[in-house]
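Sequential numbering from 0 applies to the sequence shown in numbering that gives the first Met the number 0. Glycine included, C-beta positions come from ideal geometry on N, C-alpha and C. All figures in this text were calculated on a predicted structure; none of them were measured in a lab.
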Amino acid sequence: MKYNLLTILGPTAVGKTRLAALLANYLNGEIISADSRQVYVGMDIGTGKDLKDYIVDEKQIQFYLIDIVHPNDEFNLFEFYKKFFEAFHIINSKNKLPILCGGTGLYLHSIIKDYNLSQVDFNNERIEQLNKYDYETLKEMLLKLQPKQHNKTDLVNKQRVIRAILIAEQNTRKEVNYKTKINSFNIGVFLEREEVKKRITERLKVRLQNGMIEEVQKLYNNGVTFERLEQFGLEYKFVAKYLKNEISYDEMFEKLNVAIHQFSKRQMTWFRKMEREGILIHWINGADFTKAVELIKKSFF
0 MKYNLLTILG PTAVGKTRLA ALLANYLNGE IISADSRQVY VGMDIGTGKD
50 LKDYIVDEKQ IQFYLIDIVH PNDEFNLFEF YKKFFEAFHI INSKNKLPIL
100 CGGTGLYLHS IIKDYNLSQV DFNNERIEQL NKYDYETLKE MLLKLQPKQH
150 NKTDLVNKQR VIRAILIAEQ NTRKEVNYKT KINSFNIGVF LEREEVKKRI
200 TERLKVRLQN GMIEEVQKLY NNGVTFERLE QFGLEYKFVA KYLKNEISYD
250 EMFEKLNVAI HQFSKRQMTW FRKMEREGIL IHWINGADFT KAVELIKKSF
300 F
């Protein structure tokens, strides 16, 4: 089967988005974002939602799955999966090339490895049945249904576990009807560890100088609780703690800087895991447009 998707992946701060936009312009493509936080409206600076990256030669490159839900709403793997295929079909209908771009390993993995996810009714009597069990019993039920837990947040609380059980049970019964068999050509953007660390620290300084604290304050003022903000992790977690006077500005910077470095390492762990499973990723040093085009011309078409 020939390739029907181009995927640009890599850890944070390596220039994936700009490379994807340049490739979309060159290859007559459109971009589907695989970023678990850029889906949220108003979460711009903290998520690195640099929309100017999508403008190439004064032309707006069409993108999908950015700014589609309110921060108080849940967005999960199934929602991403469903909306990915909606966007994929729209792009194909225009005779354009779908380009998946991002760093959320679970989202990328679900598409490239062809997960079987299906629609679940979250308002049925099964929820009432499950609610009668305690958290530990529910957790055991989930792990029996799905021994390999891709998404650790499914185990955070009772409601999350119930939701995950419903999805796991549904997946044993019904195939998604809007799916298309995906065969993705994958390009990974890589930089030396020290370079990534330097970029992360510099980028964090710029974001803090350019309104990231004000962004988090505005979200709070608009009804997003500090508890919810902390669930988003990284920038939103530590800035929320700073705004609550739990940590000083310097502590916030240091803790956040370390957390983003750790996050970057976890992203690479995901990608190495994908490779061990047999997913071929063509790594390039930095967001090298020329090298990416060379790889695509050689193998994709």
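What is the rounded straight-line gap between the Cα of residue i and the Cα of residue j?
i      : j      : result
Lys15  : Leu8   : 7 Å
Gly45  : Lys240 : 15 Å
Glu250 : Phe231 : 19 Å
Phe300 : Tyr2   : 8 Å
Phe237 : Leu255 : 6 Å
Gln37  : Tyr63  : 10 Å
Asn156 : Glu139 : 13 Å
Arg192 : Ser35  : 23 Å
Glu29  : Leu18  : 12 Å
Lys51  : Ala20  : 10 Å
Val175 : Asn115 : Note that Val175 has pLDDT 48, beneath the 50 cutoff, so the model's placement of it is unreliable and the number below is only indicative. Looking at the two C-alpha atoms, the distance is approximately 7 Å.
Ser92  : Lys143 : 41 Å
Thr136 : Glu127 : 15 Å
Gln208 : Glu214 : 12 Å
Met42  : Glu234 : 10 Å
Phe83  : Gly285 : 26 Å
Phe270 : Phe184 : 14 Å
Ile98  : Asp56  : 19 Å
Gln216 : Leu242 : 8 Å
Ser298 : Ser247 : 51 Å
Short check: CB of residue i to CB of residue j, under 7 Å?
i      : j      : result
Ser32  : Gly101 : yes
Leu4   : Ile164 : no
Pro303 : Met267 : Residue coverage of the chain in this structure runs from 0 to 300, which leaves residue 303 outside it and unanswerable.
Ile302 : Ile199 : In the structure displayed, the chain extends from 0 to 300; residue 302 sits before or after that span and is not available.
Ile60  : Ala23  : yes
Val13  : Tyr39  : no
Phe79  : Tyr106 : yes
Name, in chain order, the residues that DSSP records as bridge partners for residue i.
i     : result
Ala33 : Gly101
Ile6  : One point to set straight first is that residue 6 is Thr, not Ile, in the sequence displayed. Thr6 is bridged to Leu99 and Asn185.
Lys58 : Val55
Gly28 : Leu96
Val40 : Note: Val40 sits in no beta bridge, so no partner.
Val68 : Tyr39
Tyr63 : Ile31
I'd like to know if residue i contacts chain D, where contact means its C-beta is closer than 7 Å to some C-beta of that chain.
i      : result
Val205 : Judged by its chain identifiers, the structure shown contains no chain D, having just a single protein chain.
I'd like the span of the beta strand (DSSP E) that includes residue i, first residue to last.
i      : result
Ile283 : Ile280 to Asn284
Going by DSSP, what residue range makes up the alpha helix (DSSP H) through residue i?
i      : result
Leu137 : Tyr134 to Leu144
Thr289 : Phe288 to Ser298
Glu201 : Arg192 to Gln208
Within the region 82 to 131, note down every full alpha helix (DSSP H) run reaching 4 residues or more, in order along the chain.
104 to 111 and 124 to 130
Contained alpha helix (DSSP H) runs [length at least 4] in the region 220 to 269, N- to C-terminal order
225 to 230 and 233 to 242
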